[in-house]
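Report on the following structure.
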Amino acid sequence: MWGISHRILSIAVASLLIQCLRYAPLVDATPASSCPAQYGDIPEFVLKYAPLVYLHSEDPYMPSAFATLLENSTPTINYTPVANVPSLLTLDNLDSLNSLGGKDIFLTSKEGIRALPEWFKGTRPDKTGKTVDAVSSVVVVRDHGDGKTVDAFYFYYFAYNQGNTVIGIQFGNHVGDWEHNMIRFENGAPQAIWYSQHSAGQAFTYQATEKQGLRPVGYSSNGSHAVYSTPGTHDHTIPGFNLPGGLLEDETDRGVLWDPLLSAYAYSYDNATELFTPYDASTPTNYLYFNGRWGDQQLPDDAEGQIVLFGQRKYVSAPNGVKFKGLVREEVCPGDGECVIYDEVRVKRGGVDGGSG
């Protein structure tokens, strides 16, 4: 995830569960011990058609428990620790920071981004696809209220984003990374899927996507975790397009298969009240209301290790959380621009099926 500045860099460089049987399981027989906690009265189709994700075989940064960031960070504003914060930050009290600076607060890693501490690496899914003891996914269900349309968001959290390499230099590294798929349902049937990719993304019909059983498959790019519909090489010099060749490229493959549902919290979202309601009463909720950033602030230009080129930087600021990801959208795509929903994957790259995604 590059953030909004990715578009600028592109131009500059170019010029130079649940119950085990409620959804199709990752393997033929999922052991009872690996089944996720009850999802209460969540619509069954939200679980039945939930995406599976292939993590890149060489990616050192696996999905992470988002609570781990709280254990290893200090709230700061302009690189200065915030006063009067709770002695122990948790998913239940993270929103208390909103009264102490809110959107200006960064959850700054104690070691610093350049240290690349071990906890950045997250948790590798086990053979069932579960990130054991690491809740690393959030499911959010938004009913449009028209009696037929439901959007289900599947968010994936990583403790670290390693940016792309351009002329031998990494750009866009940051702590904290939220990516997602969104599936639009009509009368319980999946219609289209959004794949988030850096500052943009792509949408496909459900029919067009690769599936395991009924569950669509996503491919997480090496280091940056943008989600694509196919394995291979994906150019994103122009956000939202996968051209035959380019200067900014992501790599995906059939590496480690991850089932996000096995370690997830699930909520409904009411856009009128802007409230999240957990499907399980024991699920923490308040962290979803945090207005600040899930990681470090961009390093100053004169800081050791920072590199500035074409106005872009090696180390950039962390993203906001789930509630800032366009939960209320009329189209499958977020934002107000044109929303193209592809009905096929087309381009072949890197010797495997590539595609528009």
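The sequence shown runs 182 to 538 under this note's numbering.
Cβ coordinates follow ideal geometry from the N, Cα and C atoms, glycine included.
Alpha-carbon spacing of residue i relative to residue j, whole angstroms
i, j, result
"S317", "G349", "31 Å"
"V408", "T312", "18 Å"
"L490", "G221", "50 Å"
"N452", "W475", "23 Å"
"P481", "R435", "37 Å"
"G293", "Q388", "44 Å"
"K145", "P441", "Outside the displayed span of the chain (182 to 538) sits residue 145, for which this structure offers no information."
"N274", "P267", "8 Å"
"G328", "Y450", "16 Å"
"T454", "E239", "42 Å"
"A462", "G486", "45 Å"
"R295", "P262", "19 Å"
"G283", "F505", "13 Å"
"T411", "T390", "8 Å"
"S290", "D483", "19 Å"
"S444", "T386", "26 Å"
"V347", "P224", "44 Å"
"Y157", "Q343", "The question about residue 157 has no answer, for the chain in this structure spans 182 to 538."
"D416", "Q351", "16 Å"
"V509", "V437", "32 Å"
"D324", "I488", "44 Å"
"L297", "H355", "11 Å"
"E511", "E519", "11 Å"
Same chain, Cβ closer than 8 Å to residue i, five either side skipped, listed in chain order
i, result
"Y448", "V319, V320, V321, V322, F457, T458, P459, Y460, T464, T466, L469"
"K392", "V398"
"S214", "Note on S214: pLDDT 33, under 50, position unreliable in the model; the coordinate value appears next. So no residue of the chain qualifies."
"P500", "M182, G184, H355, G357, D358, W359, R474, W475, G476"
Same chain only: Cβ atoms within 6 Å of residue i, ignoring 5 sequence neighbours per side
i, result
"A248", "L272"
"N345", "L429"
"H187", "Note that H187 scores 49 on pLDDT, short of 50, meaning its location in the model is unreliable; the coordinates nonetheless yield the value given after this. These residues qualify, in order along the chain: H379, S380."
"R365", "D332, Q372, A373, V513"
"H406", "F339, D358, E360"
"V521", "none"
"D285", "I258"
"N368", "K329"
"D276", "N467, Y470, F471"
"G507", "P515"
"P212", "Reliability of the predicted coordinates at P212 is poor, the pLDDT of 32 falling under 50, and the value obtained from them is presented with this limitation in mind. Closer than 6 Å at the Cβ level, and outside the excluded window around P212, lies no residue."
Other residues of its chain near residue i: CB distance less than 7 Å, five sequence neighbours each side excluded
i, result
"Q479", "R494, Y496, V497, S498"
"D314", "none"
"Y260", "Q478"
"N265", "L281"
"N472", "N279, G283, K284"
"N362", "P232, Y335, I374, W375, Y376, G399, V408"
Beta-carbon gap between residue i and residue j smaller than 9 Å
i, j, result
"L236", "S377", "no"
"S254", "L228", "no"
"W439", "G310", "yes"
"L288", "L233", "no"
"G353", "P241", "no"
"L278", "P306", "no"
"F226", "A370", "yes"
"P244", "G382", "no"
"A246", "G303", "yes"
"F301", "V503", "no"
C-beta neighbour in chain B for residue i, strict 9 Å
i, result
"G502", "Note that chain B does not occur in the displayed structure, where there is just one protein chain."
Counting beta carbon pairs with one atom in the region 515–525 and one in the region 329–347, are three or more of them shorter than 8 Å? no
Which complete beta strand (DSSP E) runs does the region 437–515 hold, if anything under 3 residues is left out? 437–439, 445–451, 456–459
Every unbroken beta strand (DSSP E) inside the region 272–325 [3 residues or more]: 287–290, 318–324
Every unbroken beta strand (DSSP E) inside the region 342–406 [3 residues or more]: 355–367, 370–378, 381–386, 396–401
Report the start-end ranges of each alpha helix (DSSP H) in the region 225–261 that is 4 residues or longer and not cut off at the edges. 225–229, 247–252
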